[in-house]
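Enquirer: So the number in our numbering is just where the residue sits in the sequence shown, counting from 1, plus 4.
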Amino acid sequence: MSAVLSEERVLPAEPRSALEARRLVRRLLEQAGAERFAEATELAVSELVTNAVVHAGGEVRLRVRCDPQAVRVEVDDTSSHRPVPRHWTTTSGTGRGLHLLTDCVDVWDVDMRPGAGKTVWFEIGGSHTRDPHDSAATADSATGVVEVELRGVPLLMHHAWQEHAAGLLREHLLLRLDEDLAALDEHAAASDALNLLHEQLPVPPLHDDGEAIMADAVEPAVSAERLVLRVPAASVAHFEVLSEALASALQHAREGRLLAPPTQPEIELMRVWLCGEVLGQAGGAAPTAWRSTGLDVGRPATPRLVGSAAVAAIVDAEPVIVTDERHDIVGVSPAVAAFLGYDDAAALVGRRVLAVVPARFHQAHVAGTTMHASHGRDVLLDRVVRVPMVRADGSEVEAAFEVTVQRLDADDRVFVARFLLD
5 MSAVLSEERV LPAEPRSALE ARRLVRRLLE QAGAERFAEA TELAVSELVT
55 NAVVHAGGEV RLRVRCDPQA VRVEVDDTSS HRPVPRHWTT TSGTGRGLHL
105 LTDCVDVWDV DMRPGAGKTV WFEIGGSHTR DPHDSAATAD SATGVVEVEL
155 RGVPLLMHHA WQEHAAGLLR EHLLLRLDED LAALDEHAAA SDALNLLHEQ
205 LPVPPLHDDG EAIMADAVEP AVSAERLVLR VPAASVAHFE VLSEALASAL
255 QHAREGRLLA PPTQPEIELM RVWLCGEVLG QAGGAAPTAW RSTGLDVGRP
305 ATPRLVGSAA VAAIVDAEPV IVTDERHDIV GVSPAVAAFL GYDDAAALVG
355 RRVLAVVPAR FHQAHVAGTT MHASHGRDVL LDRVVRVPMV RADGSEVEAA
405 FEVTVQRLDA DDRVFVARFL LD
């Protein structure tokens, strides 16, 4: 049978809606004699409906029209954000939806509906004249907007946090869905806040070459002195939801209930600062600058691995600094301590490794370790690097070392910096 068929359906904000959408398009395509489009259409519609449910919340309206030569699918949601491809690394566990959509379909686009959300549509087969990236449709956000002044914005850390946060939020949602469908609405609100930051905060240059990183990933090039974040009034409260959702997700991660790892404490401080600036300034508070230097280098509570036999064996064998996954120093050989001007290695044990990293490299270090934890980015691992380090008296000395990851047991791994000392 060959026919022109169309159908419209309202889908609930539930994960099963993606499956219902796939079944609907397959049935219509089979009835219209266009089965050859079924695989690509199912994949694309599943991605759009899933994104609408996860990131927008609320009901999703699906419209499908097909004939033997072409299929058009439209998905309406209530979000005012245009979908933007996330340029995460190839090892990232999230952020590839629009790239997948582009690979599956012949043309797609977004029609914004001011005050009512948006329609994302795609077509396969037939003839097309619109380029999905040339659309000039934008939401009318000229009214009801809060302007938030952000000072000293750590752009590199923000980029690393965005990728890690997106993965944490998705896993946190999946963990909660079995017990509480309201998790979808909270996830949509948190995603709204995260997207507002992603859309408006620029990304500094990222390099895969170690020398380029050392040359460019330094202050002040990786920070913005002043940025103005435009937040729709209706989205202000979503920043509180975002902060609370990530705090909860991180606690679950620390308990081993998520695949995503916990992040660095400096990243958590930045999240609290960003969300706090939006909430505070919306309530009339004055802007507070991010501490772009002097990050948390003080001595924390004693890390769990300090004094462990496995770490002691590494320290006794060669000149090293050993850090745990939080990047607290858990072991230092006497030779390295002396090289850095310390009479006693114990003066370094328990401190953040940032204590020996020059302030201009703090952002690069925190962002790099966050991206490694998120998706395994290892630009500076397993190779000898020569970098300046901070000595006990505050002066700097060039050091050569190689950082490797070493597993102690099923639960613990450490980062071992083996120094090349004359």
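Heads up, the beta-carbon is just placed ideally off N, CA and C, and yes, glycines get one too.
1. Between the alpha carbons of Asp300 and Glu270, how many angstroms are there, rounded?
2. Please report how far the alpha carbon of Arg395 lies from the alpha carbon of Val360, in whole angstroms.
3. Taking 8 angstroms as the cut-off, decide whether the C-beta atoms of Val64 and Val77 are in contact.
4. List, from N- to C-terminal side, the alpha helix (DSSP H) runs of 4 residues or more that fit wholly inside the region 220-248.
5. Between the C-alpha atoms of Thr292 and Ser10, what's the straight-line distance to the nearest angstrom?
6. Closest to Gln285 by CA distance: which of Leu159, Glu229 and Val235 is it?
7. Assuming Asp320 is part of the alpha helix (DSSP H), what are its boundary residues?
8. Does DSSP put Val53 in a helix, a strand or coil?
9. State the Cα-Cα distance for the pair Val226 and Leu160, rounded to the nearest angstrom.
10. Compute the beta-carbon to beta-carbon distance between Leu105 and Leu66, rounded to the nearest angstrom, for a pair I have assumed lies under 8 angstroms.
11. Take every Cβ of the region 345-362, pair it with every Cβ of the region 388-402, and state whether three or more of those distances are shorter than 8 angstroms.
12. Kindly indicate which three-state DSSP category Trp294 falls into: helix, strand or coil?
13. Taking the alpha-carbon positions, what's the Gly335 to Phe405 distance?
14. Classify Arg13 as helix, strand or coil using the three-state DSSP reduction.
15. Between the C-alpha atoms of Arg26 and Leu178, what's the straight-line distance to the nearest angstrom?
16. Taking the alpha helix (DSSP H) that Leu309 falls in, what are its first and last residues?
17. List the endpoints of the continuous alpha helix (DSSP H) containing Gly129.
18. Would you report the Cα separation of Val282 and Asp182, rounded to the nearest angstrom?
19. Tell me whether Val370 sits in a helix, a strand or coil according to DSSP, three-state version.
20. Quick one, are the C-beta atoms of Cys70 and Ala120 less than 8 angstroms apart?
21. Quick one: Cα of Ala363 to Cα of Val357, how far?
22. CB-CB under 8 angstroms to Val58, same chain, minus the five flanking residues each way: which ones, in chain order?
23. Just the Cα atoms here: how many angstroms apart are Val114 and Ala56?
24. If you run the structure through DSSP and keep just helix, strand and coil, what is Ala421?
25. Applying the 10 Å Cβ sphere with the 16-neighbour rule, what's the burial state of Asp81?
26. Taking the straight line between their C-alpha atoms, what separation do you get for Ala264 and Ala257?
Expert: For this structure:
1. With a pLDDT of only 48 at Asp300, under the threshold of 50, the placement of this residue in the model should not be trusted; the figure read from the coordinates follows. Taking the straight line from one Cα to the other gives about 7 angstroms.
2. 7 angstroms
3. no
4. none
5. 54 angstroms
6. Val235
7. Ala313 to Ala321
8. helix
9. 6 angstroms
10. Not a contact, Cβ separation roughly 15 angstroms.
11. yes
12. coil
13. 15 angstroms
14. strand
15. 20 angstroms
16. Segment: none, Leu309 is in no alpha helix (DSSP H) and carries neither H nor E.
17. From DSSP, Gly129 is part of no alpha helix (DSSP H) but of the beta strand (DSSP E) over Gly121 to Gly129.
18. Cα-Cα distance, rounded: 32 angstroms.
19. helix
20. Against a cut-off of 8 angstroms, the Cβ pair of Ala120 and Cys70 comes out as no contact.
21. 12 angstroms
22. The beta carbon of Val58 sits closer than 8 angstroms to the beta carbons of Arg174, Leu177, Leu188, His191, Ala192 and Ser195 from its chain, once the five residues preceding and following it are set aside; these are given in chain order.
23. 13 angstroms
24. strand
25. buried
26. Within the model, the alpha-carbon separation for Ala264 versus Ala257 is close to 6 angstroms.
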